[in-house]
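Peer 1: To start, I am sharing the structure in question, which I have written as structure tokens.
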Amino acid sequence: MKKRVDIKRPAASGQRPAASGQRPAASGQRPAASGQRPAASGQRPAASGQRPAASGQRQYTKSANNERKTENLVRDRLRSLGFYSPDNGISVEEQKSEIVKVKSLLSKASKNAKGNAGYPEFIVSTQRDTTFLIVIECKPDVRQHASTTGGRPVEFSVDGVLHYARHLSKYFTIVAVAVSGSTVSSLKVSNFIVPAGSTDSKVLTNESGVPVEELVSFDDYYRLASFDRDVAEKRHSDLLAFSRELHEFIWAKAKVSEEDKPLLVSGTLIALMNESFSRTFGAMSAEDLQEAWLGAIKKEIDKAQMPQAKKDTMLQPYSTIAVHPNLGKPDSKVAKEYPDGVFKAIIALIGDNVWPFVNIYHDFDVVGQFYGEFLKYTAGDKKALGIVLTPRHVAELFSLLTNVGPKSKVLDICAGTGGFLISAMQHMLRKAVSETERTDIKKNRLIGVENNPKMFALAASNMILRGDGKANLHQASCFDESVMKAVKKHQPNIGMLNPPYSQSKSDAGLHELYFVKQMLDCLVTDGIGVAIVPMSCAISPHPVREELMKHHTLDAVMSMPQELFYPVGTVACIMVWIAGRPHAESNKKTWFGYWRDDGFVKTKHKGRIDQYGRWVGIRDRWVGMYRNRETHDGESVAQKVSATDEWCAEAYIKTDYSVLTQAEFEKTVKKYLMFQLVNEAKEKGTGAANEDGDSCND
-3 MKKRVDIKRP
7 AASGQRPAAS
17 GQRPAASGQR
27 PAASGQRPAA
37 SGQRPAASGQ
47 RPAASGQRQY
57 TKSANNERKT
67 ENLVRDRLRS
77 LGFYSPDNGI
87 SVEEQKSEIV
97 KVKSLLSKAS
107 KNAKGNAGYP
117 EFIVSTQRDT
127 TFLIVIECKP
137 DVRQHASTTG
147 GRPVEFSVDG
157 VLHYARHLSK
167 YFTIVAVAVS
177 GSTVSSLKVS
187 NFIVPAGSTD
197 SKVLTNESGV
207 PVEELVSFDD
217 YYRLASFDRD
227 VAEKRHSDLL
237 AFSRELHEFI
247 WAKAKVSEED
257 KPLLVSGTLI
267 ALMNESFSRT
277 FGAMSAEDLQ
287 EAWLGAIKKE
297 IDKAQMPQAK
307 KDTMLQPYST
317 IAVHPNLGKP
327 DSKVAKEYPD
337 GVFKAIIALI
347 GDNVWPFVNI
357 YHDFDVVGQF
367 YGEFLKYTAG
377 DKKALGIVLT
387 PRHVAELFSL
397 LTNVGPKSKV
407 LDICAGTGGF
417 LISAMQHMLR
427 KAVSETERTD
437 IKKNRLIGVE
447 NNPKMFALAA
457 SNMILRGDGK
467 ANLHQASCFD
477 ESVMKAVKKH
487 QPNIGMLNPP
497 YSQSKSDAGL
507 HELYFVKQML
517 DCLVTDGIGV
527 AIVPMSCAIS
537 PHPVREELMK
547 HHTLDAVMSM
557 PQELFYPVGT
567 VACIMVWIAG
577 RPHAESNKKT
587 WFGYWRDDGF
597 VKTKHKGRID
607 QYGRWVGIRD
617 RWVGMYRNRE
627 THDGESVAQK
637 VSATDEWCAE
647 AYIKTDYSVL
657 TQAEFEKTVK
667 KYLMFQLVNE
677 AKEKGTGAAN
687 EDGDSCND
């Protein structure tokens, strides 16, 4: 933690010289000669040895003294909120900064626009995220809180703090705090957020959208700033960029395989949870670092309340990283660039760029994000490695469609990296009203099964990074009778699934709908099972369709965007089932939604993103339409179907001709013809429809 440097007020001849970062004397103030100020014209000469203060000086001195009172009030409040607590990684600097980037950005930031350096009263930084700052500007009078124009930074605290924030936001995300008043009772506080790369400010609000109008703890400031949409998008974008950079770095410097890179990332994040390792790894030798890394992971896993056999299963994949020759003592060539070894550099990079993200965005599958990014570059056996991850907004959509809450028990029999379970857990925790409920959710209400040992380790690490939830993860096949018997004892009432996608007729025994049936068979009667599967499951004949309807009810099917899994070319749909109720006995219509436009657009380097902020509105409309069984021409329809019918909106929906154009008609016909060709190729066993991999575990 940086040492705070207080600005001392010298008492020489009653005058305060301007220090670096300190406000200059008020305009019109003239230094006294030989300690004495000559009387102004028309002013009575001062008595011997007495120096009367000019009117401007008295006013400036009074204002400055009052401003010191405001600063003292702020300092006391920050102290009571824990900003000055030892070993908290927070640095509070006053009217200056030792941070090189801050110095540079404020080198010409004086509020009087003369091109000199200028600093706010307080600059707060943290070691856990070096791109985040809190800046505070004070004024003694609430009448000096904010101007009507926003362009008077010298006189008003809001204007002043936003002036500094706009300089600093070229690199940092800024929480700008304006404080006015000279007593506790009169204190007025306004908080703003200025995202990095922007000069636009927004009022900082809490989760309910209510403006924050007081000084709050650092963790509260950081949390609330992080959920600002622009800040979250910027950090997500930075994470994507870093994942690409890390891929290149690890491959170029360490030659770690694509399959092991996600383990390197997740293992490092777990190791950094260990306070001792986090503090000392920088001082370790390259020879000792790998063993210490694995030891730190073991210590964190040992804290989990799970059988020892599961702990051993989870730890085993990380052992490969711990003995990787290129992560140990560097050879003479590598030592020139990285004398302490490449592994230490990788750990430091992950600690600086990924750990802050994990610490805040608990509903984001960070490990899955890296897994998907790394596997984009896989050039080898795609059947073994080409796993398509469930997009984050789809995992969120599943939680909303099933309306998960504190009493839900959620099952994912193809857990992958745990994306569905992470999303469900966060939705459940938000609705919990007591710590007992929160503990129960983490300990008892999330169940996952994953066959691949390395994926299991990633899923378990994902849950550990979020505080719990790993006790009911199983490393086994979802068709293992003994494991599924144990799963059924939990009596799950919500199922979420993105199954492995079969490649061809040779994979007939692995048809996606067999996984759907296995999930539904594990749920209690009237439980809700949701699965995202290839569109071929909805339109192509298969014996398992009849078997499914014999025991369960097809409640809804939604046709999803054709490029949902971009760059993989799988066209998918979401199926919603009611477990344990035969479809014929339910005697109800199935609801079909045409959900082809989720508002996401393709970008060159970021994939499909919600670039224009349309998703939330679209999501809420979709969920409302499904829950209320609304039917709209061109969007949704209710239809009775059997096992031999097509299960997709396109077969039954009424076209809204009022919005149809010739160009759209021609485009749709071309898409349909292409779809038919691809589907026929798949039926012939070429596997053309999903040659990017056989698994779509999240």
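Following my numbering, the numbering of the sequence shown begins with -3 at its first residue and continues without gaps. A virtual CB, placed ideally from N, CA and C, is assigned to each residue, including glycine.
Tell whether a beta-carbon distance below 8 Å holds between V185 and V171.
Peer 2: Not closer than 8 Å, so no.
Peer 1: Give me the residue from N202, L129, G401 with the minimum Cα distance to R426.
Peer 2: Out of N202, L129, G401, G401 has the C-alpha closest to the C-alpha of R426.
Peer 1: Pair every Cβ in the stretch 402 to 413 with every Cβ in the stretch 440 to 454, then say whether three or more of these pairs are closer than 8 Å.
Peer 2: These segments touch.
Peer 1: Using the beta-carbon count (16 or more within 10 Å), is G609 buried or exposed?
Peer 2: When all chains shown are included, G609 counts as exposed.
Peer 1: Does DSSP put I649 in a helix, in a strand, or in coil?
Peer 2: Of the three classes helix, strand and coil, the one that applies to I649 here is coil, per DSSP.
Peer 1: Name the DSSP bridge partner or partners of W247?
Peer 2: None, per the DSSP bridge assignment.
Peer 1: Using DSSP bridges, identify the partner residues of G603.
Peer 2: DSSP lists T599 as partners of G603.
Peer 1: With a 10 Å radius around its C-beta and 16 neighbouring C-beta atoms as the bar for buried, classify N448 as buried or exposed.
Peer 2: Flag for N448 reads buried.
Peer 1: Closer than 8 Å is the cut-off here; do at least three beta carbon pairs connect the stretch 224 to 244 with the stretch 88 to 103?
Peer 2: The stretch 224 to 244 is not in contact with the stretch 88 to 103.
Peer 1: Can you tell me which of the three DSSP states H628 falls into?
Peer 2: In this structure, H628 counts as strand in the three-state DSSP scheme.
Peer 1: Given a cut-off of 8 Å, decide if T66 and K135 are closer than it, judged by their beta-carbon atoms.
Peer 2: Yes, the Cβ-Cβ distance between K135 and T66 is below 8 Å.
Peer 1: Taking the alpha-carbon positions, what's the L260 to K666 distance?
Peer 2: Whole-angstrom Cα-Cα distance: 44 Å.
Peer 1: In its own chain, which residues sit with a C-beta less than 7 Å from the C-beta of F79, not counting the 5 before and 5 after it?
Peer 2: I86, V88, V120, F214.
Peer 1: Tell me, which residues are paired with C410 by DSSP?
Peer 2: According to DSSP, which records beta bridges pairwise, C410 is partnered with nothing at all.
Peer 1: What's the gap between the Cα of S582 and the Cα of M545?
Peer 2: Rounded to the nearest angstrom, the two C-alpha atoms are 10 Å apart.
Peer 1: Quick check on T127: does DSSP put it in helix, strand or coil?
Peer 2: Strand, per DSSP.
Peer 1: Determine the burial state of K306: buried for a count of at least 16 other Cβ atoms within 10 Å of its Cβ, exposed for fewer.
Peer 2: That one is buried.
Peer 1: Inspect the CB distances between the stretch 542 to 557 and the stretch 570 to 584 and report whether three or more fall short of 8 Å.
Peer 2: The stretch 542 to 557 vs the stretch 570 to 584: in contact.
Peer 1: Is the CB-CB distance between I346 and T264 below 8 Å?
Peer 2: Cβ atoms of I346 and T264: closer than 8 Å.
Peer 1: Could you check which residue in V633, N187, V512, I524 has the C-alpha nearest to that of P530?
Peer 2: Measuring from the Cα of P530, the nearest candidate turns out to be V512.
Peer 1: From T126, Y167, L183, pick the residue whose C-alpha is nearest to that of R73; which is it?
Peer 2: Looking at the Cα atoms, L183 is the closest of the given residues.
Peer 1: Name the one or two DSSP bridge partners that Q312 has.
Peer 2: BP columns for Q312 are empty, so no partner.
Peer 1: Suppose only complete runs of 3+ residues qualify. What are the beta strand (DSSP E) ranges in the stretch 273 to 306, listed by chain order?
Peer 2: Entirely contained in the stretch 273 to 306, not one beta strand (DSSP E) run reaches 3 residues.
Peer 1: Tell me whether S30 is buried or exposed, calling it buried when 16 or more other Cβ atoms sit within 10 Å of its Cβ.
Peer 2: Its pLDDT being 39, under 50, S30 is placed unreliably in this model, and the value from its coordinates should be taken loosely. S30 is exposed by the Cβ-count criterion.
Peer 1: Which word fits V429, buried or exposed, when buried means at least 16 other C-beta atoms lie within 10 angstroms of its C-beta?
Peer 2: By the neighbour-count rule (16 or more Cβ atoms within 10 Å), V429 is not buried but exposed.
Peer 1: Within a Cβ cutoff of 6 Å, which residues of the same chain sit near R604, ignoring the five residues on either side of it in sequence?
Peer 2: Correct list, in chain order: Y562, F596, K598.
Peer 1: So what's L571 in DSSP terms, helix, strand or just coil?
Peer 2: In the sequence under discussion, the amino acid at residue 571 is Met, which differs from the Leu named in the question. Reduced to three states, the DSSP call for M571 is strand.
Peer 1: Compare the C-alpha of V572 against each of H538, Y590, V526, I490 and name the closest.
Peer 2: Of H538, Y590, V526, I490, the residue nearest in Cα terms is V526.
Peer 1: For H470, write down the residues that DSSP places opposite it in a beta bridge.
Peer 2: BP columns for H470 point to V445.
Peer 1: In terms of alpha-carbon separation, which member of S632, E642, A659, M310 lies closest to I649?
Peer 2: Selected option, being the one with the closest Cα: S632.
Peer 1: What separation, rounded to the nearest whole angstrom, lies between the Cα atoms of P496 and S253?
Peer 2: Going from the Cα of P496 to the Cα of S253 covers about 22 Å.
Peer 1: Where does K184 sit, in a helix, a strand or coil, going by DSSP?
Peer 2: Reduced to three states, the DSSP call for K184 is strand.
Peer 1: Just tell me which of T122, K403, L397 has its CA closest to the CA of I528.
Peer 2: Of T122, K403, L397, the residue nearest in Cα terms is L397.
Peer 1: Just to confirm my understanding: we take G111, look at its own chain, exclude 5 residues before and 5 after, and list those with CB closer than 8 Å. What are they?
Peer 2: Excluding positions up to five away in sequence, the list reads K104.
Peer 1: In the DSSP assignment, the beta strand (DSSP E) including W618 goes from what residue to what residue?
Peer 2: Run containing W618: none in the beta strand (DSSP E); it sits in the alpha helix (DSSP H), 611 to 623.
Peer 1: If we require 4 or more residues per run, which alpha helix (DSSP H) segments fall completely within the stretch 136 to 205?
Peer 2: You should have 153 to 164.
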